[in-house]
Amino acid sequence: MSNDASGRITSCRWERGRLVQQGFPLEDLSEHLAREGSLVWVDLCEPDGAGLNSLAAELGLDRHAVEDAVSTGERPKATRHPGHTFLTVYATRLEAPGSDPAAPDSRLHLTRISAFVLPRGVITVRGSAGFDMAPVLERWNEDPDLLGHGVGVLVHGLLDAVVDGHFETIQQLDDAIEDLEDTLFDDRGQSRVVQIRTYRLRKELVQLRRVVLPMRDVVNAVLRHRRDLENRVPELDGFYDDLYDHVLRAAEWTESLRDMVSTVFETNLSLQDARLNTVMKKLTGWAAIIAVPTAVTGWFGQNVPYPGFGSHGGVLFSLGVIVVTATLLYGVFRRKGWI
1 MSNDASGRIT SCRWERGRLV QQGFPLEDLS EHLAREGSLV WVDLCEPDGA
51 GLNSLAAELG LDRHAVEDAV STGERPKATR HPGHTFLTVY ATRLEAPGSD
101 PAAPDSRLHL TRISAFVLPR GVITVRGSAG FDMAPVLERW NEDPDLLGHG
151 VGVLVHGLLD AVVDGHFETI QQLDDAIEDL EDTLFDDRGQ SRVVQIRTYR
201 LRKELVQLRR VVLPMRDVVN AVLRHRRDLE NRVPELDGFY DDLYDHVLRA
251 AEWTESLRDM VSTVFETNLS LQDARLNTVM KKLTGWAAII AVPTAVTGWF
301 GQNVPYPGFG SHGGVLFSLG VIVVTATLLY GVFRRKGWI
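Heads up: the sequence shown at position 222 corresponds to 222 in UniProt numbering, and the numbers run straight through without jumps.
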């Protein structure tokens, strides 16, 4: 893989599935796209607006699609324009927990990837270098015979790599929820840690859901577009059907994780109520035990005769009443699990 001096542009050209050129200048792009049997890929990472507009004018790219390729906040989508199809998807990456595993900041990073799909090539535009295209290029070059089927192989390889990244992120979030469940039932009752981690997971799942669920529409639009082509390659139908199945699984898994986090949140609230009830029962039990000596000493402190009044025997009698009654109450409360 070769880049220009700025390190922002990558280009490759294949002839009948065999890689024949890397790092060609953009000035030759139109010539390569017009060559019969040629397949071209150009990647632009964080391109400047002027250069992208110049390239769009040369290739006849739709200006609205060009605006969407560089603007922030675009949702995943696939739109057809005269002469090309425009795709926008998001690659995901989840950071490992830092020094503070209970920090509330989201660990999910999204990288926007837009693609202009032309009859003999694909131009990808990345919003940042957060998604590495090297594994995608390796995937394309693994099977030169398959690559000879044309641009559909490039599109499938790109989308398949993005969806695989979604699965990896979802698996990490699933593991994080399982760890959270272990903390949830910890006898030490780290309620604040559970609350912060639950809030962070809910935030990350909301972000992930926004980019995973629309992938169904993206892949479905690509499938419809392929069926409308007269020169459709039937050999790729199984690959795209498998990709659509993966997209559906990722969406369903994301939805199930969202339900699991909501369940963890509600369970944590229920456990807090249960722990509070346990504490109140213990406080009530000890208060009842402490009330016994208070009542006995207060009663015998009145200026009225009582058994043993004015003698050491009265002191021992009152002490015996306190000890016996308090011990009896302690046994009753202990048996009921109040203390």
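Glycine included, every Cβ here is placed at the ideal spot set by N, Cα and C.
The structure presented is a predicted model; accordingly, all values stated were derived computationally and were not measured.
Three-state secondary structure assigned by DSSP to residue i
{"i": "Asp43", "result": "strand"}
{"i": "Phe333", "result": "helix"}
{"i": "Leu319", "result": "helix"}
{"i": "Val324", "result": "helix"}
{"i": "Ile9", "result": "strand"}
{"i": "Arg75", "result": "coil"}
{"i": "Ser256", "result": "helix"}
{"i": "Phe24", "result": "coil"}
{"i": "Asp4", "result": "Only weak support exists for where Asp4 lies, its pLDDT of 40 falling under 50; the coordinates are left without a value."}
{"i": "Phe131", "result": "coil"}
{"i": "Ser114", "result": "strand"}
{"i": "Gly298", "result": "helix"}
{"i": "Gly121", "result": "strand"}
{"i": "Phe86", "result": "strand"}
{"i": "Leu213", "result": "coil"}
{"i": "Leu201", "result": "helix"}
{"i": "His109", "result": "strand"}
{"i": "His149", "result": "coil"}
{"i": "Ala91", "result": "strand"}
{"i": "Glu61", "result": "Going by the sequence as given, residue 61 is Leu instead of Glu. Here Leu61 sits in coil by DSSP."}
{"i": "Asp143", "result": "coil"}
{"i": "Pro104", "result": "coil"}
{"i": "Ala287", "result": "helix"}
Pick from the options that is closest to residue i, judged by C-alpha positions
{"i": "Gly83", "options": "Phe167, Val70, Glu95, Glu58", "result": "Glu58"}
{"i": "Leu108", "options": "Gly314, Thr284, Val212, Phe333", "result": "Val212"}
{"i": "Thr72", "options": "Asp62, Thr88, Ile196, Glu252", "result": "Thr88"}
{"i": "Leu320", "options": "Val292, Val332, Arg335", "result": "What sits at residue 320 in the sequence shown is Gly, not Leu. Minimum Cα distance to Gly320 is reached at Val292."}
{"i": "Ala78", "options": "Glu27, Pro135, Leu223", "result": "Leu223"}
{"i": "Lys282", "options": "Ala134, Val332, Gly17", "result": "Val332"}
{"i": "Asn220", "options": "Val40, Tyr199, Asp245", "result": "Asp245"}
{"i": "Ile196", "options": "Glu142, Arg226, Thr169, Val261", "result": "Val261"}
{"i": "Trp286", "options": "Arg334, Ala69, Ala103, Asn268", "result": "Arg334"}
{"i": "Arg210", "options": "Asp174, Val40, Gly148, Glu74", "result": "Glu74"}
{"i": "Tyr199", "options": "Glu31, Asp105, Asp217, Ile290", "result": "Asp105"}
{"i": "Glu36", "options": "Glu15, Leu29, Pro25, Ser311", "result": "Glu15"}
For residue i, the residue or residues it bridges with in DSSP
{"i": "Trp14", "result": "Leu19, Leu39"}
{"i": "Arg80", "result": "Thr85"}
{"i": "Arg126", "result": "Cys45, Ile113"}
Touch test, the segment 144-164 against the segment 105-121, Cβ-Cβ under 8 Å, three pairs minimum: Under the Cβ criterion (8 Å, minimum of three pairs), the segment 144-164 counts as touching the segment 105-121.
The segment 34-52 / the segment 7-14 touching (three or more Cβ pairs under 8 Å): Because the criterion of three Cβ pairs below 8 Å is met, the segment 34-52 and the segment 7-14 touch.
Touching by the beta-carbon criterion (3+ pairs, under 8 Å), the segment 145-153 and the segment 171-185: No, the segment 145-153 does not touch the segment 171-185.
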